[in-house]
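Trainee: In UniProt numbering, the protein residues as written are 1 to 494.
Take a look at the following structure, please.
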Amino acid sequence: MDNLSINGDSFIKIPTIKFKKLFINGGFVDSVSGKTFETVDPRTEEVITKIAEATKDDVDIAVKAAREAFDNGPWPRMPGAERAKIMVKWATLIEQNQEEIAALDTIDGGKLYSWCKTVDVPEAANILRYYAGAADKVHGEVFKTSRNLHMYTLMEPIGVVGHIIPWNFPTIMFFAKAAPCLAAGCTMVLKPAEQTPLSSLFFAHLAKEAGIPDGVLNVLPGFGSTAGAAITSHMDIDAVSFTGSTETGRRVMQAAALSNLKPVSLELGGKSPVLIFDDADVDKAVDLALFGILHNKGEICVAYSRVFVQEGIYDEFEKKVLEKAKNWVVGDPFDPKVQQGPQTSKAQFDKILSYIKHGKNEGATLLTGGKQVGNKGYYIEPTIFTNVKDDMLIAQDEIFGPVMALSKFKTIEEGIKKANNTKYGLAAGIVTKNLDIANTVSRSIRAGIIWINCYFAFDIDCPFGGYKMSGYGRDYGLEALHKYLQVKSVATPI
Ligand code: NAD
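Printed below as a string of structure tokens:
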């Protein structure tokens with residue numbers, strides 16, 4: 001472990017990467033093909049390490065192990081309270097390794113270390129404990145029928161589940177999928193994103209230490225078109241829970257339809273609007289809008305990428321948002337003074353810069369930003385476009401980077417219309433002190449979560465998911481637990 005030094009200050013230690021192989025049936029193994037792939041540090045553009053690469057053969061082996069664990073192993077059969085004990089132990093181990101996990105996500109994904117350590121990792125433990133608490137509260141119903149029948153329902157685990165997650169929240173996504181699935185008594189195969197495999201493998205190691213039986217949890221780093229596609233089209237996987245882009249979501253659904261008709265749940269992309277009304281406190285609204293697009297360097301499905309400001313305060317807003325964006329601190333995500341780290345990968349960096357170029361070409365005004373910061377690492381300046389027309393590509397496509405499309409609106413009706421002018425429906429924000437406006441707009445916007453005077457406000461109790469092409473099915477809350485259960489009706493004459 002090397003001590004990290006930035007500008008003469010000493011920070012946390014960079015962990016040695018201990019887990020680089022596939023985790024199948026309770027052990028770390030090489031891939032059948034012997035293939036590996038490189039995972040890159042976006043701060044330096046240097047290779048961190050090589051990771052075993054799963055392909056179809058490895059998926060087959062992992063699914064066999066998960067099937068055996070489901071059909072004959074203890075996990076689905078043990079009382080929910082016993083599963084809960086193991087999950088709670090896993091949560092404690094996560095907390096005990098908080099700094100190492102945070103550092104893994106920072107070097108792998110360019111995420112702010114302090115945020116990972118104080119928010120993402122504690123939230124992972126929180127998610128585990130929440131679903132551990134639900135594991136022994138899964139009950140069916142008893143029916144008094146009019147046909148001399150005694151009927152009741154059993155809630156049964158759905159079986160072997162395939163999970164596919166993206167790279168922007170490697171820790172939270174892992175547990176948002178694994179925790180309800182395991183609490184329900186299912187077994188699983190999870191593919192982390194190829195850009196950020198490190199923390200998922202570390203979680204597998206901790207799962208073993210916590211006592212999760214062999215075969216119940218399998219973690220297979222690899223690429224979408226090979227390992228991912230093998231999961232979605234597998235005939236012996238009973239359900240798939242996917243988080244990623246809308247484009248890939250469509251492929252996931254197609255693969256499920258063309259194989260065994262497995263149910264899929266899809267948490268997909270977004271192009272979330274925030275409507276800022278004339279009565280808003282402009283300084284607070286500026287802070288909210290900037291946090292809304294720059295947090296996690298804009299690589300958030302719910303990012304406030306479209307900012308609509310009512311005309312009465314627009315000029316003041318534009319002046320203040322420009323000033324603050326210029327002073328936003330971009331740099332090494334281990335440095336506690338830094339507000340924005342590098343984009344996760346070269347591909348993402350290039351994609352964002354090409355959208356910026358496109359925005360200029362289609363006639364939007366570049367108010368600030370638009371360029372790489374420094375000449376090493378995937379850092380991009382906080383970028384704001386004004387004079388954005390609703391039909392421009394930068395107002396319609398999910399850029400997934402620190403790029404705000406700023407424009408104005410006159411009336412509430414016009415604001416609602418602009419907000420809804422998107423194929424996505426994941427999240428939306430409203431900034432106002434007026435309760436009537438807040439309530440009217442909340443009901444009128446077609447999105448899965450509405451934030452009034454806030455952003456990124458989640459609680460594990462409350463379901464999260466999309467409308468329209470942002471997907472369907474919900475993570476979080478008891479709704480997520482029910483994705484991994486199916487209902488069996490039983491009848492007997494009386
Ligand atoms: P992506 O769709 O390219 O990849 C996501 C995952 O799918 C990765 O693990 C990838 O390897 C895998 N994959 C790719 N092709 C596949 C295929 N053909 N079959 C099966 N799996 C395949 O998305 P991304 O660029 O990694 O992530 C960013 C996207 O994720 C954005 O659109 C973002 O909005 C979305 N996202 C949504 C949520 C949400 O909760 N709604 C949360 C985070 C990210």
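The beta-carbon is built from N, C-alpha and C at its ideal position, and this holds for glycine as well.
1. Write down the C-beta distance between F169 and V302 rounded to the nearest angstrom, noting that I regard them as a contact closer than 8 angstroms.
2. Taking M392 as the reference, give the member of P402, Y304, F409, T422 with the closest Cα.
3. One question on the structure: do residue 514 and I164 come within less than 7 angstroms of each other, judged by their Cβ atoms?
4. Return yes when the C-beta of E267 is under 6 angstroms from any heavy atom of the ligand NAD, and no when it is not.
5. Are the region 13 to 27 and the region 199 to 207 in contact at 8 angstroms, needing three or more beta carbon pairs?
6. I want to check one thing, is the minimum distance from the CB of D31 to the heavy atoms of the ligand NAD below 6 angstroms?
7. Using DSSP's beta-bridge definition, name the partner residues of N218.
8. Look at the alpha carbon of Y131 and the alpha carbon of P166, and state the distance between them as a whole number of angstroms.
9. Using the Cα positions of T248 and G109, report the straight-line distance between them to the nearest angstrom.
10. Can you grab the Cα-Cα spacing for the pair T368 / A405, in whole Å?
11. Below 6 angstroms CB to CB, which residues in the same chain sit around N260 once its five sequence neighbours on both sides are set aside?
12. With the cut-off set at 7 angstroms, would you say A207 and L217 are in Cβ contact?
13. What is the C-beta distance between L128 and F175, in whole angstroms, given that I count them as a contact (C-beta under 8 angstroms)?
14. Just grab the DSSP bridge partners of H163 for me.
15. In the structure shown, what three-state DSSP assignment does R474 receive?
16. Who are the Cβ neighbours of M155 in its own chain at under 7 angstroms, not counting the five residues just before and after it?
17. Could you name the residues of the same chain whose beta carbon sits closer than 6 angstroms to that of I313, not counting the 5 residues immediately before and after it, in chain order?
18. Give the secondary structure of V373 by DSSP, where H, G and I count as helix, E and B as strand, and everything else as coil.
19. Provide the residue(s) that pair with L485 in DSSP beta bridges, ordered along the chain.
20. So is the beta-carbon of W451 under 6 angstroms away from any non-hydrogen atom of the ligand NAD?
21. Looking only at its chain, what residues have a beta carbon closer than 8 angstroms to the beta carbon of N434, apart from the 5 residues adjacent to it on each side?
22. Give me the residue from P42, A102, P76 with the minimum Cα distance to K13.
23. Check whether the region 346 to 359 touches the region 371 to 383, counting contact only when three or more Cβ pairs, one atom from each stretch, lie closer than 8 angstroms.
24. Could you check which residue in T92, K483, F37, I494 has the C-alpha nearest to that of A183?
25. Is the CB-CB distance between A52 and N25 below 7 angstroms?
26. Could you tell me if the beta carbon of A178 falls within a distance shorter than 6 angstroms of some heavy atom in the ligand NAD?
27. If you follow the beta strand (DSSP E) that Y304 is in, where does it begin and where does it stop?
28. Taking P263 as the reference, which of T118, V240, P79 has the closest Cα?
29. Is any heavy atom of the ligand NAD found at a distance shorter than 6 angstroms from the C-beta of W167?
30. Measuring alpha carbon to alpha carbon, tell me which residue in T344, F349, E316, V388 is nearest A364.
31. Taking buried to mean at least 16 other C-beta atoms within 10 Å of its own C-beta, is A135 buried or exposed?
32. The ligand NAD and R306: does any heavy atom of the ligand fall closer than 6 angstroms to the residue's C-beta?
33. Below 6 angstroms, is the gap between the Cβ of R474 and the nearest heavy atom of the ligand NAD?
34. Can you pull the DSSP bridge partners for V274?
35. With DSSP as the reference, label D58 as helix, strand or coil.
36. Can you give me the Cβ contacts of M1 inside the same chain, cut-off strictly under 7 angstroms, excluding the 5 residues immediately before and after it?
Mentor: The structure says:
1. In the sequence shown, residue 169 corresponds to position 169, counting from 1. In the sequence shown, residue 302 corresponds to position 302, counting from 1. With 8 angstroms as the limit, F169 and V302 do not qualify as a contact, their Cβ atoms being about 11 angstroms apart.
2. Here residue 392 refers to the residue found at position 392 of the sequence shown. The shortest C-alpha separation from M392 is found at T422.
3. The chain is shown from 1 up to 494; residue 514 falls before or after that span and cannot be answered.
4. Taking the first residue of the sequence shown as position 1, residue 267 is located at position 267. Because some heavy atom of the ligand NAD lies under 6 angstroms away, the Cβ of E267 counts as near it: yes.
5. yes
6. To locate residue 31, count along the sequence shown from 1; it is residue 31. The sequence given here places Ser at residue 31; Asp does not occur at that position. The answer is no for S31.
7. Mapped onto the sequence shown, residue 218 falls at position 218. Answer is V189, bridged to N218.
8. Walking along the sequence shown from the start, residue 131 turns up at place 131. Walking along the sequence shown from the start, residue 166 turns up at place 166. Cα to Cα, the separation comes out at about 22 angstroms.
9. Along the sequence shown, read from residue 1 onward, the residue named residue 248 stands at position 248. Along the sequence shown, read from residue 1 onward, the residue named residue 109 stands at position 109. One C-alpha to the other measures close to 20 angstroms.
10. In the sequence shown, the residue the question calls residue 368 occupies position 368. In the sequence shown, the residue the question calls residue 405 occupies position 405. The alpha-carbon atoms of T368 and A405 are separated by roughly 11 angstroms.
11. Within the sequence shown, residue 260 is the residue found at index 260, counting from 1. Same-chain partners within the cutoff: M235.
12. What you label residue 207 is simply residue 207 of the sequence shown in a count that begins at 1. What you label residue 217 is simply residue 217 of the sequence shown in a count that begins at 1. Against a cut-off of 7 angstroms, the Cβ pair of L217 and A207 comes out as a contact.
13. Sequence index remark: in the sequence shown, residue 128 carries index 128 (1-based). Sequence index remark: in the sequence shown, residue 175 carries index 175 (1-based). Right, the Cβ-Cβ distance comes to about 6 angstroms (below 8 angstroms), so this counts as a contact.
14. Position 163 of the sequence shown holds residue 163. According to DSSP, which records beta bridges pairwise, H163 is partnered with L190, S241.
15. As a working mapping, residue 474 is identified with position 474 in the sequence shown. Three-state DSSP puts R474 in coil, outside helix and strand.
16. Working through the sequence shown from its first residue, we reach residue 155 at position 155. Result list for M155: V138, H139, G140, L485, V487, in chain order.
17. Here the question's residue 313 lines up with position 313 in the sequence shown. Excluding positions up to five away in sequence, the list reads D278, V282.
18. Here residue 373 is taken as the residue at index 373 of the sequence shown, counted from 1. It is coil, neither helix nor strand.
19. Position 485 of the sequence shown, counting from 1, holds the residue named residue 485. Its beta-bridge partners are P157.
20. Numbered from 1 along the sequence shown, position 451 holds the residue referred to as residue 451. No; taking the cut-off as 6 angstroms, the Cβ of W451 has no heavy atom of the ligand NAD nearer than that.
21. Here the question's residue 434 lines up with position 434 in the sequence shown. Excluding residues within five positions, the ones whose Cβ falls inside 8 angstroms are F277, D279.
22. In the sequence shown, counting from the first residue as 1, residue 13 sits at position 13. Per the Cα distances, A102.
23. yes
24. Indexing the sequence shown from 1 puts residue 183 at position 183. Answer by Cα proximity: K483.
25. As a working mapping, residue 52 is identified with position 52 in the sequence shown. As a working mapping, residue 25 is identified with position 25 in the sequence shown. In this structure, N25 does not lie closer than 7 angstroms to A52 by Cβ.
26. Start at 1 with the first residue of the sequence shown, and residue 178 comes out as number 178. Outside the cutoff, so no.
27. Locating residue 304 in the sequence shown gives position 304, counting from the first residue. Looking at the DSSP string, the run of the beta strand (DSSP E) that includes Y304 is 304 to 310.
28. By one-based count along the sequence shown, residue 263 stands at place 263. Answer by Cα proximity: V240.
29. On the sequence shown, residue 167 is found 167 positions in, with the first residue counted as 1. W167: yes, Cβ under 6 angstroms from the ligand NAD.
30. Reading the sequence shown from its first residue, position 364 is the one you call residue 364. Of T344, F349, E316, V388, the residue nearest in Cα terms is V388.
31. Looking up residue 135 in the sequence shown gives position 135. Answer is buried; the Cβ neighbour count reaches 16.
32. Indexing the sequence shown from 1 puts residue 306 at position 306. R306: no, Cβ never under 6 angstroms from the ligand NAD.
33. The residue you call residue 474 lines up with position 474 of the sequence shown. Answer for R474: no, Cβ out of range of the ligand NAD.
34. One-based indexing of the sequence shown puts residue 274 at position 274. Paired residue(s): V307, G429.
35. Here the question's residue 58 lines up with position 58 in the sequence shown. Residue state, collapsed to three classes: helix.
36. Start at 1 with the first residue of the sequence shown, and residue 1 comes out as number 1. Note on M1: pLDDT 46, under 50, position unreliable in the model; the coordinate value appears next. Excluding sequence neighbours, M1 sits near K13, I14, P15, T16.
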